[in-house]
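Before any comments, here is the structure.
And the structure:
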């Protein structure tokens, strides 16, 4: 019989949208079974929610520490914990489980601040027994990984421009006032929970990770301009950043949570000396490849000239894959890594180090915007 | 604790692509657990494959009849059987399980011939205890169901033109000769297995079902022209059909398995007296709505003006869903129907009756093409 | 000084939309000057309209015969006549001018019926002195000619499927009744003026010409189904046709004038043994090229791998060209042909023979639809 | 008879691409006749080129001053001069003609530097007799003007984000070295000719003008980062700019001439409190309109809900218009303005004041980039 990983969950309770996504992602390839969870600080609520997931009452916890302690003592205790709480608690929860030698899958951002990120990174790197995976799920789309492959194979040449954006409308078209802001934005308005910057920690972190993941470029300096939603609402809502990369490339980064009227969403373009690339999440199964000299190519997931992407696809070309398929790729690879314990194989799931870099980027953006000057990475 | 349905599988063994899709679809919402299977006529192979799915050896069968007999006697026997064998055996397998009062999820086509379809339909309608669902999965995309809703709400007006196509290249760009045809097309070249017409049973059935599912129109007559791949290869490869509907609408239907160079795929357009609609599987989260008088609208899954589609979506707007998400919608609804046993609720999964209609359509196409004349439905 | 061709116009008066298009097309490359015209049977109206085009009063005629007679006697008489009347008079006007040895540019369709077309074709071929060009303008888009080139260069291989459509809504979203039909459709409802079939002569002729122009395939038989707009309105409004080509290819042709809610417009797809092509007029500067084995390419006008299209482009890649640019390509080439009198050079403007073929196609469609059977070409 | 404007040309000789565009634009609506030109400093070349345009020898000049002097003395002298030389001479030529009371159509940029722009602007505003039009031709696309109308009608609400870019590859995919740079970039590498910044004066000026033209927003401060193509090549090749607008909106501006592999081209997005807009030149007949609450709309030129755009369209919806059609709109309106001399009518052609603003923007960008700080407008 195949070994199925026993998964515990922290967060992701009744009001959590991302909770359901994590659970679906864990199920898709049949490599995990959800056995325990800390879904709420209210013990009754945690149990009632757990029962909808078929989790036994005595493994539905109201405190993640008790969960870690208890599960570490059970013979059939969990193998992996998946953390899907808001950013403010990522570090402390991850560290508690890591110290008890649980493997960790954590929702992004890596941590709520750069300070926390550095501590967590240190904790992770010190423990060689555990596997840590970060659900920067957009990086797990087959055609994003194809893009990464094209870059690393030199097909784009020397990168000269990077243009990435993640643009949403969190208020869904509604008018937001200082009065109703708390209702509209919920915990995202509380810096202790959302961390150093709402727009950057919630979606900017994805955009920056995506650009780093594909290009592998190192930044040298950045200039940021962060805007608040409204002077009376404590919420960063728009950030535009210019980036200088060590190789001389120039970058433009834009993220916004008040972009009315559309899910322009997540888009990345990379221009190199040999070709350019464009990928947009709204049309995720295609990757536009524009050679310097030659017709534009539309590479399609798992299709001709995109064989590499087949490694991350479950469905044939012509059959679209989406958000949960990509998310599941991370669960799938973390499972393979835990089960095979083969550190030498190439894994593509986002790592703690990648998380640390995004936290540093956000930290630098805040610093630059406040001081209105270029800041070194 | 929530009741989880115990699922048995017939077919879907090591060489089956669709097998993995069914399994993923069954897992996504956590409403099924795969407990038994008849994966191969080779007992050893069935067991070894079953073990990769964590199925106990004694519930890995090499014969679907023994599986049905055994499972019906177990106290913890399966609740539902999912049939994912090639078309030729759909009828006999489904009937065997239905007679033992198992609920059935069957891959398409409903049956390999119209004769078989009529028999199977009769068996299903006679047994009031069981639920039967047919995985015409394309009909389960959120925006396809949105299209159906717009039609039934009268937003399109009286339908005047229906244009549907499903176009693929089964040989993946390779040259096919009478010599290598068996290798390229596998069982699809054997009429006993693939049924009355390869192109119509394999993909045409989806296109026709989709058009019926959305429009609800009744056909009155059709004129078909079916072409073989090559005179020495016994494989229908192209079918074009004109359809007259009872309400006076005109239809064009096209399906092809030798369309070089692309996954033009599955596309449907419906033109009515008030508006027209377009949906293409390659971009499944959007539905083009063109009012007679007014700007074109791009409706997006779970977004403004497409609230109804949220009922079939797991992910927020701006976050694409794909093929397996749609497939899982059928498993999800069949589970709800079995568990709630509420026959009055509106369910949207494809039914045996819909399967019967597609079999009749294919039957009529073959008849028309042979006789070169219009045939009554 | 460069020789500028003196152009006379028949039709295209105050209420004519196409008249302005012809005039713009004649001006774009500076090879014509409009000197005379027969814009109306009302002499005063013809003069007043002519004066808006700076045409002297005595060269504004109210009768095309007098115009031909008079201009043929003037030393500075016109070199070319452009005919832009409704279809019913194309033959008689063209023949009258041809007999006086004027070069002719004619709007489509070639003639209103196949009978007229055969006569006109005979008149044209008998007169070796004149140049005749037919404004099937869609064939003059740079990327349509690129498509023709790819086909003739063998890049598509042996053609197996042709799919062409031209779909419009002539009533602009309005409800049409037997009562207001004459107001909505104007002369298009009068068979003497519009010819044998409104939808086929007005737009179907373009679609069929386009498919022939690009593929060069010869048809062997067709099966057509033509529908009237409404039983009380004498107007063919929808035609769907299946075509067998001599090389074994299958075709689907669709044209409609009552397709609510959109300008789906003119689209052609060609599938061959090596690749397939797609071009849509709504996005005319791009041509989708799908090789049997390899990524989809988007060829762009005058850009990499589409050098041939530069021959028909005035503007750089990245700078779109449209309908009048294509229309002007025909005027441009006819001028070159007249001025150089080089019969051996490759010209790409549509010819009388191409016009004859479209008239034959329409004739066969009407015959097939009436008799509900396959008709030989 | 209608009054036809007599047009003289300065520049636009044999090697000029833009020269042909201006001439086509002047011809399309039949409101100009080209009568004179200064096409080259070589008298013979000017005459030989002029003769291809049917211009009499004695009106083919080798010096624009002699042209202005001579034409001002002829009774049938030109009414308008169109200047299509490189940027460095725009000011001096325009001023010379304005002082002789000729109307002027000038290619962009308004002037090569802000100093020159201020002088030219002063000259223009002092002469009340003449009409001055600037060919920022992208602003004349029907759907750009539709965008401007939607903004001014308040349909977008208060603008919060502006995102504009114009991205090209001037070297057409070729490798450029310090050695071959002069051959590849021609006069664009000479600051005296191209002006203060190659990328900003040549294409950045279009992008900035477009954003100003549509939004009407006033800038308050900007932060720019300009990059040279290569340290040994004196050519600005990439500029990214953040803009603060007086109303609080944030802007991102990007222009590049070394973006390999594609004509990503000219794109603008505007986000307001009520809706957002997107227009891209590659698909110019459509405008994406995303209401805060409601489905995305695709407005089409001259079609439903875009009636205003019909004012600037020559062709029906479903029939694309392109670059020269837009360019001709400017010639058309300048002609109307000259002929009617109606200063109160709304004209939409770009003005000297708009030209002055773009020159100031470029000046400020250079200053900001050099000093690495925010600069006031």
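Chains as they are written, first to last, in our numbering: chain A, 1 to 377; chain B, 1 to 377; chain C, 1 to 377; chain D, 1 to 377. Using N, Cα and C, we set each Cβ at its ideal position, and we do this for glycine too.
>> Assuming the contact rule is C-beta atoms closer than 8 Å, residue 353 of chain D and residue 266 of chain D should be a hit. Round their C-beta distance to whole Å, please.
In response: Within the fourth chain, the letter at position 353 stands for residue 353 of chain D. Within the fourth chain, the letter at position 266 stands for residue 266 of chain D. Contact check for residue 353 of chain D and residue 266 of chain D: beta-carbon distance about 22 Å, past the 8 Å limit, so the pair fails to qualify.
> Going by beta carbon distance, what residues of the same chain come within less than 8 Å of residue 360 of chain C, once the five residues before and after it are set aside?
Replying inline: Here residue 360 of chain C is taken as the residue at index 360 of the third chain, counted from 1. Hits under 8 Å: 114, 117 and 377.
> Since residue 294 of chain D meets chain B, which of its residues come closer than 8 Å, beta carbon to beta carbon?
Replying inline: Here residue 294 of chain D is taken as the residue at index 294 of the fourth chain, counted from 1. Chain B residues near residue 294 of chain D: 304 and 305.
>> Given a cut-off of 8 Å on the beta-carbon distance, is the pair residue 124 of chain D and residue 102 of chain D in contact?
In response: The residue you call residue 124 of chain D lines up with position 124 of the fourth chain. The residue you call residue 102 of chain D lines up with position 102 of the fourth chain. For the pair residue 124 of chain D and residue 102 of chain D, the CB atoms are not nearer than the 8 Å cut-off.
> Buried or exposed: which applies to residue 135 of chain B, given that a residue is buried once 16 or more other Cβ atoms fall within 10 Å of its Cβ?
Replying inline: Walking along the second chain from the start, residue 135 of chain B turns up at place 135. Residue 135 of chain B comes out buried.
>> Cutting at 8 Å between CB atoms, please list the residues of its own chain near residue 65 of chain C, excluding the five before and the five after it.
In response: Counting from one through the third chain, the residue named residue 65 of chain C turns up at place 65. The beta carbon of residue 65 of chain C sits closer than 8 Å to the beta carbons of 96 from its chain, once the five residues preceding and following it are set aside; these are given in chain order.
> Just the Cα atoms here: how many angstroms apart are residue 147 of chain A and residue 248 of chain C?
Replying inline: What you label residue 147 of chain A is simply residue 147 of the first chain in a count that begins at 1. What you label residue 248 of chain C is simply residue 248 of the third chain in a count that begins at 1. Rounded to the nearest angstrom, the two C-alpha atoms are 41 Å apart.
> Residues of chain C with a CB under 8 Å from the CB of residue 221 of chain B: which are they?
Replying inline: One-based indexing of the second chain puts residue 221 of chain B at position 221. What residue 221 of chain B touches in chain C: nothing, since even the nearest Cβ is about 10 Å away.
>> Can you pull the chain C neighbours of residue 284 of chain D, defined as C-beta to C-beta under 7 Å?
In response: For this step, residue 284 of chain D is matched to residue 284 along the fourth chain. Against chain C, a Cβ distance below 7 Å from residue 284 of chain D picks out 320.
>> Looking at residue 323 of chain C: is its Cβ nearer than 8 Å to the Cβ of residue 142 of chain D?
In response: Numbered from its first residue, the third chain carries residue 323 of chain C at position 323. Numbered from its first residue, the fourth chain carries residue 142 of chain D at position 142. Not a contact, by the Cβ cut-off of 8 Å.
> Helix or strand or just coil, what does DSSP make of residue 1 of chain B?
Replying inline: The sequence position of residue 1 of chain B within the second chain is 1, counting from 1. Taken through DSSP and simplified to helix, strand or coil, residue 1 of chain B comes out as coil.
> Given that a residue counts as buried once 16 or more other Cβ atoms are within 10 Å of its Cβ, and exposed if not, what is residue 341 of chain A?
Replying inline: Against the first chain, residue 341 of chain A aligns to sequence position 341. Its Cβ having fewer than 16 others within 10 Å, residue 341 of chain A is exposed.
> If you draw a straight line from the alpha carbon of residue 326 of chain C to that of residue 364 of chain B, how long is it in whole angstroms?
Replying inline: Taking the first residue of the third chain as position 1, residue 326 of chain C is located at position 326. Taking the first residue of the second chain as position 1, residue 364 of chain B is located at position 364. For residue 326 of chain C and residue 364 of chain B, the distance between alpha carbons rounds to 45 Å.
> Quick one: what's residue 230 of chain D bridged to in DSSP?
Replying inline: Along the fourth chain, read from residue 1 onward, the residue named residue 230 of chain D stands at position 230. D:233, per the DSSP bridge assignment.
> Quick one: what's got a C-beta closer than 6 Å to residue 312 of chain D's C-beta in the same chain, skipping five residues either side?
Replying inline: Within the fourth chain, the letter at position 312 stands for residue 312 of chain D. Here the set comprises 142, 145 and 329.
> So what does residue 278 of chain C bridge to, in DSSP terms?
Replying inline: What you label residue 278 of chain C is simply residue 278 of the third chain in a count that begins at 1. Beta bridge pairing from DSSP links residue 278 of chain C with C:269 and C:288.
>> What does the alpha-carbon distance come out to for the pair residue 9 of chain C and residue 206 of chain C?
In response: Position 9 of the third chain holds residue 9 of chain C. Position 206 of the third chain holds residue 206 of chain C. Between the alpha carbons of residue 9 of chain C and residue 206 of chain C lies a distance of about 22 Å.
>> Taking a contact to mean a Cβ-Cβ separation below 8 Å, would you say residue 271 of chain C touches residue 161 of chain C in this structure?
In response: By 1-based counting over the third chain, the position of residue 271 of chain C is 271. By 1-based counting over the third chain, the position of residue 161 of chain C is 161. In contact: residue 271 of chain C and residue 161 of chain C (Cβ atoms closer than 8 Å).
> At a CB-CB cut-off below 7 Å, which residues of chain B make contact with residue 299 of chain D?
Replying inline: Translated into the one-based positions of the fourth chain, residue 299 of chain D becomes position 299. 295, listed in chain order.
>> Taking beta-carbon pairs under 9 Å, can you tell me which members of the region 270 to 283 of chain A lie near chain D?
In response: Hits within the stretch, in order: 271, 272, 273, 274, 275, 276, 277 and 278.
>> Assuming contact is defined by CB atoms lying nearer than 8 Å, are residue 34 of chain D and residue 53 of chain D in contact in what I supplied?
In response: As a first step, residue 34 of chain D is located in the fourth chain; it is residue number 34 there, counting from the start. As a first step, residue 53 of chain D is located in the fourth chain; it is residue number 53 there, counting from the start. Yes, they are a contact pair.
>> Judging by CA-CA distance, which residue of D:51, D:317, D:201 and D:309 is the nearest neighbour of residue 140 of chain D?
In response: As a working mapping, residue 140 of chain D is identified with position 140 in the fourth chain. Of the listed residues, the one whose Cα sits closest to residue 140 of chain D is D:309.
>> Give me, in chain order, the residues of the same chain whose beta-carbon lies closer than 6 Å to that of residue 188 of chain D; leave out the 5 immediate sequence neighbours on both sides.
In response: The residue labelled residue 188 of chain D in the question sits at position 188 within the fourth chain. Once the five neighbours on either side are set aside, the close Cβ partners of residue 188 of chain D are 194 and 198.
> Does any C-beta atom of chain D lie closer than 8 Å to the C-beta of residue 314 of chain C?
Replying inline: As a working mapping, residue 314 of chain C is identified with position 314 in the third chain. Answer yes: the Cβ-Cβ gap between residue 314 of chain C and chain D drops below 8 Å somewhere.
> For the candidate residues B:296, B:276, B:264 and B:274, whose alpha-carbon lies nearest to that of residue 282 of chain B?
Replying inline: Mapped onto the second chain, residue 282 of chain B falls at position 282. Nearest of B:296, B:276, B:264 and B:274 to residue 282 of chain B, Cα basis: B:264.
> For residue 120 of chain C, which of C:19, C:366 and C:92 has the nearest alpha-carbon?
Replying inline: Walking along the third chain from the start, residue 120 of chain C turns up at place 120. Here the closest residue by C-alpha is C:92.
> With 16 other CB atoms within 10 Å as the buried threshold, where does residue 1 of chain C fall?
Replying inline: By one-based count along the third chain, residue 1 of chain C stands at place 1. With fewer than 16 other Cβ atoms within 10 Å, it is exposed.
> Of all the options D:40, D:316 and D:293, which has the alpha carbon lying nearest to the alpha carbon of residue 304 of chain D?
Replying inline: Locating residue 304 of chain D in the fourth chain gives position 304, where the first residue counts as 1. Sorting D:40, D:316 and D:293 by C-alpha distance to the C-alpha of residue 304 of chain D places D:316 at the top.
> For residue 97 of chain B, does the three-state DSSP call read helix, strand or coil?
Replying inline: Taking the second chain and counting its residues from 1, the one referred to as residue 97 of chain B is at position 97. DSSP places residue 97 of chain B in helix when its eight states are reduced to three.
> Which residues in the same chain as residue 381 of chain A place their Cβ atom closer than 6 Å to its Cβ, once the five residues preceding and following it in sequence are excluded?
Replying inline: Chain A is shown from 1 up to 377; residue 381 of chain A falls before or after that span and cannot be answered.
> With a cut-off of 8 Å, do at least 3 Cβ pairs link the region 228 to 238 of chain B to the region 226 to 241 of chain C?
Replying inline: Verdict: no, contact absent.
> From which residue to which residue does the beta strand (DSSP E) around residue 254 of chain B run?
Replying inline: As a first step, residue 254 of chain B is located in the second chain; it is residue number 254 there, counting from the start. Membership of residue 254 of chain B in the beta strand (DSSP E) is indicated by the continuous run 250 to 256.
> Is there a Cβ from chain D that is less than 8 Å from the Cβ of residue 267 of chain A?
Replying inline: Counted from its first residue, the first chain places residue 267 of chain A at position 267. With 8 Å as the cut-off, residue 267 of chain A does not count as an interface residue toward chain D.
> So, using beta-carbon positions, are residue 62 of chain C and residue 40 of chain C closer together than 8 Å?
Replying inline: One-based indexing of the third chain puts residue 62 of chain C at position 62. One-based indexing of the third chain puts residue 40 of chain C at position 40. Judged by their CB atoms, residue 62 of chain C and residue 40 of chain C are nearer to each other than the 8 Å cut-off.
> Should residue 378 of chain C be labelled buried (16 or more other beta-carbon atoms within 10 Å of its own) or exposed?
Replying inline: Given that chain C is displayed from residue 1 to residue 377, the structure contains no residue 378 of chain C and the question cannot be resolved.
>> Quick check: residue 90 of chain C and residue 98 of chain C, are their CB atoms within less than 8 Å of each other?
In response: Locating residue 90 of chain C in the third chain gives position 90, counting from the first residue. Locating residue 98 of chain C in the third chain gives position 98, counting from the first residue. Cβ atoms of residue 90 of chain C and residue 98 of chain C: not closer than 8 Å.
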